[in-house]
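Down below is the structure, laid out as structure tokens.
Number of protein chains: 2
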Amino acid sequence: MPKRVDHDQRRRELAEALVRCARTRPLHAIGYREVAAEAGVSLNLVQYYFPTKEKLLHGGLVHLRAVMARRLRDRLAETTGDDDPVQRIRLILRELLPHDPVSADLYRVHAAYAALALTDPALAAEPHTAGPDQIYPELTDLVTAAQKAGRLSAHVDPHLAAVALLGAATGLSAYAASGYLTSEQAAQALDQQLDLVLEPHRGSR
Amino acid sequence: MPKRVDHDQRRRELAEALVRCARTRPLHAIGYREVAAEAGVSLNLVQYYFPTKEKLLHGGLVHLRAVMARRLRDRLAETTGDDDPVQRIRLILRELLPHDPVSADLYRVHAAYAALALTDPALAAEPHTAGPDQIYPELTDLVTAAQKAGRLSAHVDPHLAAVALLGAATGLSAYAASGYLTSEQAAQALDQQLDLVLEPHRGSR
DNA sequence: CGTTTCGTCGTACCACCGTACGATAAAAAC
DNA sequence: GTTTTTATCGTACGGTGGTACGACGAAACG
Numbered sequence: 012m013p014k015r016v017d018h019d020q021r022r023r024e025l026a027e028a029l030v031r032c033a034r035t036r037p038l039h040a041i042g043y044r045e046v047a048a049e050a051g052v053s054l055n056l057v058q059y060y061f062p063t064k065e066k067l068l069h070g071g072l073v074h075l076r077a078v079m080a081r082r083l084r085d086r087l088a089e090t091t092g093d094d095d096p097v098q099r100i101r102l103i104l105r106e107l108l109p110h111d112p113v114s115a116d117l118y119r120v121h122a123a124y125a126a127l128a129l130t131d132p133a134l135a136a137e138p139h140t141a142g143p144d145q146i147y148p149e150l151t152d153l154v155t156a157a158q159k160a161g162r163l164s165a166h167v168d169p170h171l172a173a174v175a176l177l178g179a180a181t182g183l184s185a186y187a188a189s190g191y192l193t194s195e196q197a198a199q200a201l202d203q204q205l206d207l208v209l210e211p212h213r214g215s216r
Numbered sequence: 012m013p014k015r016v017d018h019d020q021r022r023r024e025l026a027e028a029l030v031r032c033a034r035t036r037p038l039h040a041i042g043y044r045e046v047a048a049e050a051g052v053s054l055n056l057v058q059y060y061f062p063t064k065e066k067l068l069h070g071g072l073v074h075l076r077a078v079m080a081r082r083l084r085d086r087l088a089e090t091t092g093d094d095d096p097v098q099r100i101r102l103i104l105r106e107l108l109p110h111d112p113v114s115a116d117l118y119r120v121h122a123a124y125a126a127l128a129l130t131d132p133a134l135a136a137e138p139h140t141a142g143p144d145q146i147y148p149e150l151t152d153l154v155t156a157a158q159k160a161g162r163l164s165a166h167v168d169p170h171l172a173a174v175a176l177l178g179a180a181t182g183l184s185a186y187a188a189s190g191y192l193t194s195e196q197a198a199q200a201l202d203q204q205l206d207l208v209l210e211p212h213r214g215s216r
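Which chain is which? The protein sequence lines are D and P, in order.
For what it's worth, the working numbering labels the leading residue of the first sequence as 12, then goes sequentially.
For what it's worth, the working numbering labels the leading residue of the second sequence as 12, then goes sequentially.
See the structure below:
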């Protein structure tokens, strides 16, 4: 049984178990024993790959972010090459909303990490947690492209516009996750906002 | 010393101590002892007024929401009667962003409660936690007024527009709280977004 | 074949947390 | 003036969580 093992693979499995636990229980309250049970291994194995709890939490965050980024990339890739920047912006922002049970789970865990990072310096220091991080540059480029195509007034700052749109998606995600809005309502609100900001068929003004 | 005491007042004091603790430490990790120490009383006094931890957390949330609502009301009241709906919307949304250390602290604790409510059924059931709740109706009315004043295209749904703007404020608050944006940047992004959605001097189109 | 390393497990320790059980003074009630 | 209530405290108990220590097979290495 105990032949050579890929440590990164094992860590990924355990991090996945942690994320699975965090879908339904407060992140801070999840411990080694719970992760071990969820992964079907014993306590010490978890501790073997994540010697301290801080590293365990960190590993879960890394995995979560990888999964979310991959899902976003896959979803965007399977859309036939749509070169309209406004349409692409819409796709990206829509994908950020929780739209199915899996993405809702991921969002919930991500929110737990974001909240924890606000008070836990160890988490706040390491990788970006709540920020738009990866998608932000691409979105800024797309907004700039839309602006050049005359879909957006020339005097607005694309950086600010991009981050404002991202913020709207984030906030609406929060409302949807907490049950205040249905995911359909959130999507509608986002769509309408996009229609107001980036009007599809208007010359520059 | 032990004469008759106003229980609500005591509860408020203790809840305030809890919120003070939660500014810098994970909410879930705060216990009776820490709150007692922060309030300068002993363990059992906290337990006397909040017999169970669930009630303690609940009390903290109630107090936090009361403080935030009062701050918002006060800030809005001290603005000289500005009857322009767009300007009033701007004031409200700006006030939702963290703009000083106190509001940043309050936002952080509020975010911790919102995240906890996503997995803790006891918190999710009781009062609204993450939702725009109180301000939402007023904001919808203001958006409707702006629409009637020709500042917003007639075919948009004011409810969706209001919730989208609220979502933008919420998301930008998250970015500001997590250090991804400065509060100035968040305010600029929000302002620009408002300028795009509710154009100040345009006829109905 | 002996030895060392590696992955995995069982168990134990210490500290802390929520909760409960008195105890004690001061005020109120009678 | 006695008794009962009220606000407050000190301390204790059961449980749980992070961490540590040791053990034990299986492979790799010589």
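Where a beta carbon is used, it is the ideal one built from N, C-alpha and C, also for glycine.
- Message: What does the alpha-carbon distance come out to for the pair residue 31 of chain P and residue 40 of chain D?
- Response: Position 20 of the second sequence, counted from the first residue, corresponds to residue 31 of chain P. Position 29 of the first sequence, counted from the first residue, corresponds to residue 40 of chain D. If you take the alpha carbons of residue 31 of chain P and residue 40 of chain D, they lie about 21 Å apart.
- Message: List, from N- to C-terminal side, the alpha helix (DSSP H) runs of 4 residues or more that fit wholly inside the segment 148 to 195 of chain P.
- Response: Taking only runs of at least 4 residues, the alpha helix (DSSP H) segments lying wholly in the segment 148 to 195 of chain P are 169 to 188.
- Item | Local conformation of residue 130 of chain P per DSSP, three classes | Along the second sequence, read from residue 1 onward, the residue named residue 130 of chain P stands at position 119. It is coil, neither helix nor strand.
- Query: So, is residue 59 of chain D buried or exposed, given that buried needs 16 or more other C-beta atoms within 10 angstroms?
  - Reply: Position 48 of the first sequence, counting from 1, holds the residue named residue 59 of chain D. Answer is exposed; the Cβ neighbour count stays below 16.
- Message: Within 8 Å of any Cβ in chain P, is that where the Cβ of residue 152 of chain D sits?
- Response: Your numbering for residue 152 of chain D matches position 141 in the first sequence. No, because no Cβ of chain P sits closer than 8 Å to the Cβ of residue 152 of chain D.
- Task: Just confirm the distance between the C-beta atoms of residue 167 of chain D and residue 207 of chain P, as a whole number of angstroms; I'd bet it's less than 8 Å.
- Result: By 1-based counting over the first sequence, the position of residue 167 of chain D is 156. By 1-based counting over the second sequence, the position of residue 207 of chain P is 196. Confirmed, Cβ separation roughly 7 Å.
- Query: From what residue to what residue does the alpha helix (DSSP H) around residue 100 of chain P run?
  - Reply: Mapped onto the second sequence, residue 100 of chain P falls at position 89. For residue 100 of chain P, the uninterrupted alpha helix (DSSP H) run begins and ends at 96 to 107, by DSSP.
- Query: Closer than 7 Å: is that where the CB of residue 198 of chain P sits relative to any heavy atom of the ligand ADP?
  - Reply: Ligands displayed in this structure: none; no statement on the ligand ADP is therefore possible.
- Message: Quick check: what's the CA-CA separation for residue 184 of chain D versus residue 150 of chain D?
- Response: Looking up residue 184 of chain D in the first sequence gives position 173. Looking up residue 150 of chain D in the first sequence gives position 139. Approximately 18 Å, taken between the alpha carbons.
- Coil, strand or helix - residue 62 of chain P by DSSP: By 1-based counting over the second sequence, the position of residue 62 of chain P is 51. Residue 62 of chain P falls in the coil class under three-state DSSP.
- Message: So residue 78 of chain P and residue 117 of chain P are supposed to be a Cβ contact under 8 Å. How far apart are they, rounded?
- Response: In the second sequence, the residue the question calls residue 78 of chain P occupies position 67. In the second sequence, the residue the question calls residue 117 of chain P occupies position 106. Correct: roughly 7 Å between the Cβ atoms.
- With DSSP as the reference, label residue 203 of chain P as helix, strand or coil. As a first step, residue 203 of chain P is located in the second sequence; it is residue number 192 there, counting from the start. If DSSP states are grouped into helix, strand and coil, residue 203 of chain P belongs with the helices.
- Item | C-alpha distance - residue 112 of chain P paired with residue 112 of chain D, whole-angstrom precision | Here residue 112 of chain P refers to the residue found at position 101 when the second sequence is read from its first residue. Here residue 112 of chain D refers to the residue found at position 101 when the first sequence is read from its first residue. Distance between the alpha carbons of residue 112 of chain P and residue 112 of chain D is about 37 Å.
- Drop a sphere of 10 angstroms on the beta-carbon of residue 18 of chain D, count the other beta-carbons inside from all chains shown, and report buried for 16 or more, exposed for fewer. Position 7 of the first sequence, counted from the first residue, corresponds to residue 18 of chain D. Looking at its Cβ environment, which holds fewer than 16 other Cβ atoms inside 10 Å, residue 18 of chain D is exposed.
- Query: Since residue 19 of chain D is in the alpha helix (DSSP H), which residue starts that stretch and which ends it?
  - Reply: In the first sequence, residue 19 of chain D corresponds to position 8, counting from 1. Per DSSP, residue 19 of chain D belongs to the alpha helix (DSSP H) from 18 to 33.
- Item | the segment 178 to 198 of chain P: positions lying closer than 9 Å to chain D by Cβ | 178, 179, 180, 181, 182, 183, 184, 185, 186, 188, 189, 190, 191, 192, 196 and 197
- Given that residue 203 of chain D touches chain P, what residues does it touch there, using C-beta distances under 8 Å? As a first step, residue 203 of chain D is located in the first sequence; it is residue number 192 there, counting from the start. In chain order: 167, 168, 171, 172 and 175.
- Answer yes or no: do residue 36 of chain P and residue 119 of chain P have a C-beta to C-beta separation smaller than 8 Å? Here residue 36 of chain P refers to the residue found at position 25 of the second sequence. Here residue 119 of chain P refers to the residue found at position 108 of the second sequence. The Cβ atoms of residue 36 of chain P and residue 119 of chain P lie no closer than 8 Å to each other.
- Contact set between the segment 88 to 118 of chain P and chain D, restricted to residues whose Cβ is under 9 Å from the partner: 118
- Item | Min CB distance residue 123 of chain D to chain P below 8 Å | Stepping through the first sequence from its first residue, residue 123 of chain D is reached at position 112. For residue 123 of chain D, the answer is yes, since a Cβ of chain P falls inside 8 Å of its Cβ.
- Give a yes or no on whether the minimum CB-CB distance between residue 26 of chain P and chain D is below 8 Å. If you number the second sequence from 1, residue 26 of chain P lands on position 15. It does not; no Cβ of chain D falls within 8 Å.
- With DSSP as the reference, label residue 53 of chain P as helix, strand or coil. Counted from its first residue, the second sequence places residue 53 of chain P at position 42. It is coil, neither helix nor strand.
- Query: Do you know how far the Cα of residue 114 of chain D is from the Cα of residue 210 of chain P?
  - Reply: Numbered from its first residue, the second sequence carries residue 210 of chain P at position 199. Numbered from its first residue, the first sequence carries residue 114 of chain D at position 103. The straight-line gap from Cα to Cα measures roughly 35 Å.
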